[in-house]
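Written out below as structure tokens is the structure these notes cover.
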Amino acid sequence: MTLYGIGLGPGAADLLTVRGKRRLESLDVVYSPGRLSRRVAAEYVSESKLSDLEFPMTTDSEELQAAWETAAAEVAPKAREADAAFVTLGDPCIYSTFGHLRRTLREQHPNIDIEVVPGVSSVTAFASVLGVDIDAGAELTLREATDGEAPIGPNRLTLFKVTDAPTTYDKMTEAGYEVTFGRRLFMDTEEALVTNNPGEVTDRDYYTLAYAEKREATVSS
Numbered sequence: 001m002t003l004y005g006i007g008l009g010p011g012a013a014d015l016l017t018v019r020g021k022r023r024l025e026s027l028d029v030v031y032s033p034g035r036l037s038r039r040v041a042a043e044y045v046s047e048s049k050l051s052d053l054e055f056p057m058t059t060d061s062e063e064l065q066a067a068w069e070t071a072a073a074e075v076a077p078k079a080r081e082a083d084a085a086f087v088t089l090g091d092p093c094i095y096s097t098f099g100h101l102r103r104t105l106r107e108q109h110p111n112i113d114i115e116v117v118p119g120v121s122s123v124t125a126f127a128s129v130l131g132v133d134i135d136a137g138a139e140l141t142l143r144e145a146t147d148g149e150a151p152i153g154p155n156r157l158t159l160f161k162v163t164d165a166p167t168t169y170d171k172m173t174e175a176g177y178e179v180t181f182g183r184r185l186f187m188d189t190e191e192a193l194v195t196n197n198p199g200e201v202t203d204r205d206y207y208t209l210a211y212a213e214k215r216e217a218t219v220s221s
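Okay, structure coming up:
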């Protein structure tokens, strides 16, 4: 049998792909790593088919590894008996918990077949909100930016997990970037926000992204 890693899209239930919808509706066991992904999945499957997996919000590698192994041990027997799914916001292959689960399953439960159903990533959703065109020949880098990190280098960057927007903003602008933040986009919540003002994004929100573009690149385009 097969475990399907299904991308739910950025958070709005109607941005799930047709293939993802059909696959979800065909399954009896669907695992969710959090409240937001569960809410989207619940639009397509009954609550009785949903099960939660716990993943700690920590950088402790041993604690994370233990959580992935526990999740894999929970999922593997179900996936041997029948097709099952692990759902995740965005795309399963882009900054997703599914990647860690898949790697752990391959290492410890290699007899489980795994298939990915792509989803609309937060990167493309953010670009559509900003009206940004990624043209032929454009250089764009995806980086994580927790705790005020400000990776620089390419002309354009999309930053994930911006948990200290003011610090990241200060560092990026000092390096010559224009910065725009997007928080909880397409998540059907009053907290959704697009802004150039880091003072509006002072809370430590895991679902905040930033798009940074070198000022000279902005002028030339």
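For the sequence shown, the UniProt record's numbering begins at 1 and goes up steadily by one.
C-beta: ideal position from N, C-alpha, C; glycine also.
Identity of the residue in the options nearest residue i by Cα
i: Arg-23; options: Phe-160, Leu-53 and Val-87; result: Val-87
i: Gly-34; options: Ser-46, Gly-182, Gly-11 and Asn-197; result: Gly-11
i: His-100; options: Leu-64, Glu-81, Ala-76 and Ser-122; result: Leu-64
i: Ala-192; options: Asp-164, Arg-183 and Gly-199; result: Arg-183
i: Leu-50; options: Arg-215, Ala-85 and Gly-131; result: Ala-85
i: Arg-102; options: Tyr-207, Tyr-206, Arg-204 and Tyr-4; result: Tyr-4
i: Cys-93; options: Glu-115, Ala-41 and Phe-55; result: Glu-115
i: Leu-27; options: Asp-14, Met-57, Met-1 and Ala-13; result: Met-1
Alpha-carbon to alpha-carbon, residue j and residue i
i: Tyr-211; j: Leu-142; result: 10 Å
i: Thr-202; j: Leu-209; result: 13 Å
i: Glu-144; j: Val-162; result: 7 Å
i: Phe-98; j: Leu-140; result: 24 Å
i: Val-194; j: Ile-134; result: 19 Å
i: Gly-131; j: Gly-7; result: 23 Å
i: Ser-220; j: Phe-181; result: Any reading at Ser-220 must be qualified, since the residue scores a pLDDT of 48, below 50, and its modelled position is unreliable; no value is offered.
i: residue 235; j: Tyr-44; result: Coverage of the chain is limited to positions 1 through 221, which leaves residue 235 absent and any answer about it impossible.
i: Tyr-177; j: Tyr-169; result: 9 Å
i: Thr-17; j: Gly-119; result: 6 Å
i: Tyr-207; j: Phe-160; result: 8 Å
C-beta contact flag for residue i and residue j at 8 Å
i: Asn-155; j: Val-179; result: no
Would you call the stretch 31 to 49 in contact with the stretch 126 to 133, where contact means no fewer than 3 C-beta pairs closer than 8 Å? Result no; under three Cβ-Cβ pairs closer than 8 Å.
Taking 8 Å as the threshold, find out whether the stretch 101 to 114 comes into contact with the stretch 59 to 73 through three or more Cβ pairs. yes
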